[in-house]
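Numbered per this note's numbering, the sequence shown spans residues 63 to 190. Even for Gly, the Cβ is constructed at its ideal location relative to N, Cα and C. Each remark here refers to the structure printed beneath this line.
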Amino acid sequence: MTDIELLPSVLDIKEVNHYLIQLINLLENDNTISKSQGAAEINNLISYQGYNEQGLNVESSQRILSWIRSNYDPNCKDSIEWNSANLANLNCSGVEEFINKRIENSDCDQEKDELKDCLKEIKKAKLQ
């Protein structure tokens, strides 16, 4: 995970997508990294795209969404915050459905608020 810190401050979007898939592969096979730390590392790597209008590709977005579905912890504030930020950056089908189901099933106002904000960001990005 410390290898991410060795990357240049901004990467080409193709490189970001490539490294995200590598990171997901690592997270899927390494049980020593906590779920919230994994979500934080995904977010950290997403930030390397800078102000890219293209956004993440469908393949890396789907891999991240799949990882989130398997590792999202609604009882952990860090998991909610990091994964909400990650969800707002994905470009694949199923993201809004996942968020809406979490909002519907959640008993936690903090989770609902975070996910509602995430939906607002997604809708705002679609209008641009």
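Discussion item. According to DSSP, simplified to helix, strand and coil, what is Gly100?
Written reply: helix
Worksheet entry | Glu90 - containing alpha helix (DSSP H), residue span | Ile75 to Asn91
Discussion item. Considering Cα atoms alone, identify which of Gln124, Ser155, Lys76 and Glu115 is closest to Asn87.
Written reply: Gln124
Discussion item. For the ligand SAH, I want to know if Ser155 counts as a neighbour, meaning its beta carbon is within less than 7 Å of at least one of the ligand's heavy atoms.
Written reply: This structure simply doesn't include the ligand SAH, nor any ligand for that matter.
Worksheet item: Taking the alpha-carbon positions, what's the Leu149 to Thr94 distance?
Response: 23 Å
Worksheet item: Apart from the five residues on each side of it in sequence, which residues of its chain come closer than 7 Å, Cβ to Cβ, to Asn162?
Response: none
Item to complete: Please list, in chain order, all residues of the same chain as Leu89 whose beta carbon is under 7 Å from its beta carbon, the five residues on each side excluded.
Response: Ile95, Gly100 and Trp129
Worksheet item: CB-CB under 8 Å to Glu176, same chain, minus the five flanking residues each way: which ones, in chain order?
Response: Ile142, Glu143 and Ser146
Discussion item. Residues in the same chain with beta-carbon distance under 8 Å from Phe160, minus the five sequence neighbours each way, listed in chain order, please.
Written reply: Leu127, Ile130, Arg131 and Leu149
Fill in: Simplified DSSP assignment, three categories, for Gln111
helix
Fill in: Neighbourhood of Ile83 by C-beta, 8 Å cutoff - its chain only, sequence neighbours within 5 removed
Glu121, Ser122 and Arg125
Fill in: Extent of the continuous alpha helix (DSSP H) to which Gln124 belongs
Val120 to Asn133
Item to complete: Check Ser155 in the structure and name its three-state DSSP category.
Response: coil
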